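K.L.:
In my numbering, the protein residues as written are 70 to 359.
Structure representation (structure tokens):
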């Protein structure tokens, strides 16, 4: 039985330890150029991975499919979902949405997104990502895109309080090359990239990786192409009854990360908070009622 909440990529990685050597070789070949790698004929996929046709058939069965045609049908559905623009997303929901109030429908969709996301998050990988972002010996670069720049700004604002040695990278192609001048071995890039993935973001990730940087990626469950370069990939379910995808689950992961990082370095974070409050008092930025 195929779990509809999982992508084919998720299923492959979940079952990787159960695959034979040839099947694992095939799996890695599929993931290398996912999802396009699985859209061609079965024989072409086998040849590209340097495995036999029966190996393809066996692995597809292990993933829960009756045959290669079913596997490809799911893959095409994923590709279609990735490519959807706002109007197409809205039409999908208006045709299938129940009659209840939007507040209830939207909330139910978000709760289901959270359930599915939390069911597939690896706590060990999450903790490792938090440790990387918290490491003050590494310069931290935070990158967002056209929509996700709001998430990047949110993380950057909190990291400014918690730690020094960080940069908010503007994702426009005319400015971000300047930031790469100072990026080096072991530095950390936190990158946000969700469907309708941005070419600028992919190129930035490629160049950062070439300079020896490590990458923590926040993306959707179809996964940005940046995942092929990421050390850790944190995926979220994002579908809601709207022309736009939801950032709620991604924000949940992000705020959980912020909480974890402030705890890792609470003594220094507390000192920085107190110093910041003293500066706020001098600037009279906030009203005081006592």
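From the three backbone atoms N, C-alpha and C, an ideal C-beta is built for every residue, glycine too.
Please read all numbers here as calculations on a predicted model, not as lab measurements.
Excluding five sequence neighbours on each side, which residues of the same chain lie with their C-beta closer than 7 Å to the C-beta of residue 118?
P.N.:
If we look at residue 118 and ignore the five residues flanking it on each side, its Cβ neighbours are 94, 95, 98.
K.L.:
What would DSSP say about residue 237, mapped onto helix, strand or coil?
P.N.:
Residue 237: strand per DSSP, three-state reduction.
K.L.:
Less than 9 Å separating the beta-carbons of residue 255 and residue 283?
P.N.:
Yes, these two residues count as a Cβ contact at 9 Å.
K.L.:
Within this structure, are the beta carbons of residue 288 and residue 314 separated by less than 9 Å?
P.N.:
Cβ atoms of residue 288 and residue 314: not closer than 9 Å.
K.L.:
In terms of DSSP beta bridges, what is residue 284 paired with?
P.N.:
Answer by DSSP bridge pairing, in chain order: 258.
K.L.:
In angstroms with no decimal places, state the Cα-to-Cα distance between residue 216 and residue 343.
P.N.:
Cα to Cα, the separation comes out at about 32 Å.
K.L.:
List the residues that DSSP assigns as beta-bridge partners of residue 210.
P.N.:
Partner(s): 236, 258.
K.L.:
Could you have a look at residue 304 and say whether DSSP puts it in helix, strand or coil?
P.N.:
Strand, per DSSP.
K.L.:
Can you give me the Cβ contacts of residue 145 inside the same chain, cut-off strictly under 8 Å, excluding the 5 residues immediately before and after it?
P.N.:
Around residue 145: 108.
K.L.:
So, using beta-carbon positions, are residue 210 and residue 277 closer together than 9 Å?
P.N.:
Yes, Cβ-Cβ distance for residue 210 and residue 277 is below 9 Å.
K.L.:
As a quick exercise: from 191, 205, 257, pick the residue whose alpha carbon is nearest that of residue 274.
P.N.:
Looking at the Cα atoms, 257 is the closest of the given residues.
K.L.:
Going by DSSP, name the residue or residues bridged to residue 289.
P.N.:
Beta-bridge pairing links residue 289 to 305.
K.L.:
Identify, in the order they occur along the chain, each residue of the same chain with its Cβ nearer than 8 Å to the Cβ of residue 245, setting aside the five sequence neighbours on each side.
P.N.:
212, 238, 239, 269, 273, listed in sequence order.
K.L.:
Can you tell me which of 128, 106, 113 puts its alpha carbon nearest to the alpha carbon of residue 86?
P.N.:
Closest by alpha carbon: 128.
K.L.:
For residue 208 versus residue 236, is the C-beta spacing smaller than 9 Å?
P.N.:
Cβ distance < 9 Å, so residue 208 and residue 236 count as in contact.
K.L.:
Expressed to the nearest angstrom, what Euclidean distance is found between the alpha-carbon atoms of residue 233 and residue 186?
P.N.:
Taking the straight line from one Cα to the other gives about 31 Å.
K.L.:
When you compare only the Cα positions, how much space is there between residue 259 and residue 285?
P.N.:
Using only the alpha carbons, I get a separation of about 5 Å.
K.L.:
Less than 6 Å between C-beta atoms, sequence neighbours within five positions excluded: which residues of the same chain meet that for residue 199?
P.N.:
The residues are 326, 329, 330.
K.L.:
If we count the other Cβ atoms within 10 Å of its Cβ and call it buried at 16 or more, is residue 304 buried or exposed?
P.N.:
Answer is buried; the Cβ neighbour count reaches 16.
K.L.:
Per DSSP, what kind of secondary structure is residue 186 in: helix, strand or coil?
P.N.:
Helix, per DSSP.
K.L.:
Mind checking residue 90: buried by the 16 CB within 10 Å criterion, or exposed?
P.N.:
So residue 90 ends up on the exposed side.
K.L.:
Inspect the beta-carbon positions of residue 101 and residue 264 and report whether they are closer than 9 Å.
P.N.:
No, the pair does not count as a contact, with Cβ atoms beyond the cut-off.
K.L.:
Which residues bound the alpha helix (DSSP H) around residue 122?
P.N.:
Element bounds for residue 122: 122-131.
K.L.:
With DSSP as the reference, label residue 176 as helix, strand or coil.
P.N.:
Residue 176: helix per DSSP, three-state reduction.
K.L.:
Tell me whether the beta-carbon of residue 77 lies closer than 9 Å to the beta-carbon of residue 140.
P.N.:
For residue 77 and residue 140, yes; Cβs fall inside 9 Å.
K.L.:
Return yes when the Cβ of residue 206 is within less than 9 Å of the Cβ of residue 308, no when it is not.
P.N.:
Not in contact: residue 308 and residue 206 (Cβ atoms no closer than 9 Å).
K.L.:
May I ask you to report which of helix, strand or coil DSSP gives residue 113?
P.N.:
If DSSP states are grouped into helix, strand and coil, residue 113 belongs with the helices.
K.L.:
Given this structure, state the Cα-to-Cα distance separating residue 92 from residue 123, to the nearest angstrom.
P.N.:
Cα-Cα distance, rounded: 10 Å.
K.L.:
For residue 245, does the three-state DSSP call read helix, strand or coil?
P.N.:
It is helical.
K.L.:
Buried or exposed for residue 136, please, with buried defined as at least 16 other CB atoms from any protein chain shown within 10 angstroms of its CB.
P.N.:
The residue in question, residue 136, is exposed, as its Cβ has fewer than 16 Cβ neighbours within 10 Å.
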